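Residue numbers (the numbering used here): 132 to 379. I have placed the structure first, in the form of structure tokens, so that the comments after it can refer back to it.
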């Protein structure tokens, strides 16, 4: 019997720890499918961040390194420069990348480091009980914004793709969503292209994936998916922010 659907070879055969309805698992699969289809798992090195995805090294079959909080781009820079023939990616949440790691991601992008960044944006700190993140929307409730995020008190949400796209170093930056099948298919194309950009030696590439956090949002899985489609994409529009005409 012909096999038409199966677990990607680049994912280990183990259960994931994520909450029901969390789309980290979908993001992992998209990365693994890209590694399989491009046949690069054997020379890929992933950098795990701190956050809900801290133990992604238990899930990916490629070599993995655990980085300190926010420092994944710096670790990835060192790995890529010391092993330039390797394919190097970071997997980071919004708290890790856009808060403590803001300086790391901005300067890695500005230098045009030939790495790929997978950025998960669920607008909240997940692992540490739901504090406000740099990406938390205005009026969004969290454990540290019990009355909602207020611009005068907490500032405005940071739009990472738009920010990094102003720099000369990045070759490819795109924002996609994991909210439904159509958007997941588009997200897969973006993730695969980001790796192809690195394989071609064109420079820094990043894909931001709008994701869910049912537990800390206080929603069920279906409501969480709808929130991504109905609310998050209004504040974080989907599309290519740099490298739209880039061919790989």
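The beta carbon of each residue, even a glycine, is placed where N, CA and C say it ideally should be. Bear in mind the structure is a predicted one, so any value in this text is a computation, not a measurement.
Contact check for residue 253 and residue 225: beta-carbon distance about 7 Å, within the 8 Å limit, so the pair qualifies.
The Cβ-Cβ distance between residue 331 and residue 305 does not fall below 8 Å.
With a cutoff of 8 Å on beta-carbon distance, residue 295 and residue 337 are scored as near each other. Inclusion of residue 143 and residue 192 in the CB contact set at 8 Å is warranted, their separation being smaller than that value. Following the DSSP letters along the chain, one finds residue 338 inside the beta strand (DSSP E) bounded by residues 335 to 341.
By the 16-neighbour rule on beta-carbons within 10 angstroms, residue 287 is exposed. Sequence-distant Cβ neighbours of residue 258 in its own chain, meaning closer than 6 Å and more than five residues away, are 182, 183. For the 8 Å CB-CB criterion, residue 249 and residue 211 do not form a contact. Annotation for residue 355: the continuous alpha helix (DSSP H) segment containing it runs 352 to 358.
The C-alpha of residue 133 is placed about 43 Å away from the C-alpha of residue 243.
The residues 139, 141, 142, 191, in chain order, have a CB closer than 7 Å to that of residue 163 in the same chain once the five nearest residues on each side in sequence are set aside.
Following the DSSP letters along the chain, one finds residue 157 inside the alpha helix (DSSP H) bounded by residues 155 to 169. Between residue 326 and residue 300, the C-beta spacing is not below 8 Å. Pairing residue 218 with residue 160 gives a Cβ-Cβ distance that is not under 8 Å.
The DSSP-derived three-state label of residue 347 is helix.
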